[in-house]
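*Asks:*
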């Protein structure tokens, strides 16, 4: 009986020891897990701290750069204010400027003379260009100088031919025929009139009939009229 009681006591003691050991183990395991969680948290905090330290150093560098720029700006501003206050020139304002009463340049007479001579030169140039581009006999004196013979008469051109116009309006066919006949008669009278004939004329005078290329028909008609009139007078 005593042995059995001893064994029961031993069994109960072993059970208590096992329960206490298991409890200690669970407590130790819980402590281990808590410590591991703390270690992980500390590691995370340490990483955050490192990142924050890096960011802090970057901000400090930016701050130092801004301070340097601001300091340079203040120094230059101070130097500028000092230069403004220091008068380094000998110029002095005697009186305020007044607006001029009239223009001093360019003078009006010079402009008028320039405009006049410029207009004359331009007009002369345009006239020469027009004459060279469309050469035309403008007067009987010009024709007389060109053929070295006196001009007996000029038949006016029609108003519709060319760009040079007859200043007395458009002429009908009848009016043009009358003018042509009148010029032919005047030419014959001047040619056969002994009182008006120049001393240096030849014994057998000749009449030159000329016109523009576009007036061949009228030129032929005038020549025929002259020939008929001369034939009626017994001349050739």
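Numbering (my numbering), first residue to last: 249 to 484. Don't be surprised by glycine CBs; every beta carbon is placed ideally from N, CA and C.
Should residue 326 be labelled buried (16 or more other beta-carbon atoms within 10 Å of its own) or exposed?
*Replies:* exposed
*Asks:* For residue 467 and residue 476, what's the separation of their Cα atoms in angstroms?
*Replies:* 14 angstroms
*Asks:* Between the C-alpha atoms of residue 479 and residue 378, what's the straight-line distance to the nearest angstrom?
*Replies:* 42 angstroms
*Asks:* Applying the 10 Å Cβ sphere with the 16-neighbour rule, what's the burial state of residue 470?
*Replies:* buried
*Asks:* Note down, one range per segment and in chain order, each beta strand (DSSP E) of at least 3 residues found wholly within the segment 267-308.
*Replies:* none
*Asks:* Which class does residue 253 belong to by DSSP, given the choice of helix, strand or coil?
*Replies:* helix
*Asks:* Can you give me the C-alpha to C-alpha distance between residue 457 and residue 374, rounded to a whole angstrom?
*Replies:* 30 angstroms
*Asks:* Rounding to the nearest angstrom, what Cα-Cα distance links residue 302 and residue 319 in this structure?
*Replies:* 26 angstroms
*Asks:* Taking all protein chains shown into account, do 16 or more other C-beta atoms lie within 10 angstroms of the C-beta of residue 473, making it buried, or fewer, making it exposed?
*Replies:* Classification for residue 473: buried.
*Asks:* Please work out which residues of its chain come closer than 8 angstroms, Cβ to Cβ, to residue 442, disregarding the five sequence neighbours upstream and downstream, and give them in chain order.
*Replies:* Reliability of the predicted coordinates at residue 442 is poor, the pLDDT of 46 falling under 50, and the value obtained from them is presented with this limitation in mind. There are no such residues.
*Asks:* Would DSSP call residue 391 helix, strand or coil?
*Replies:* helix
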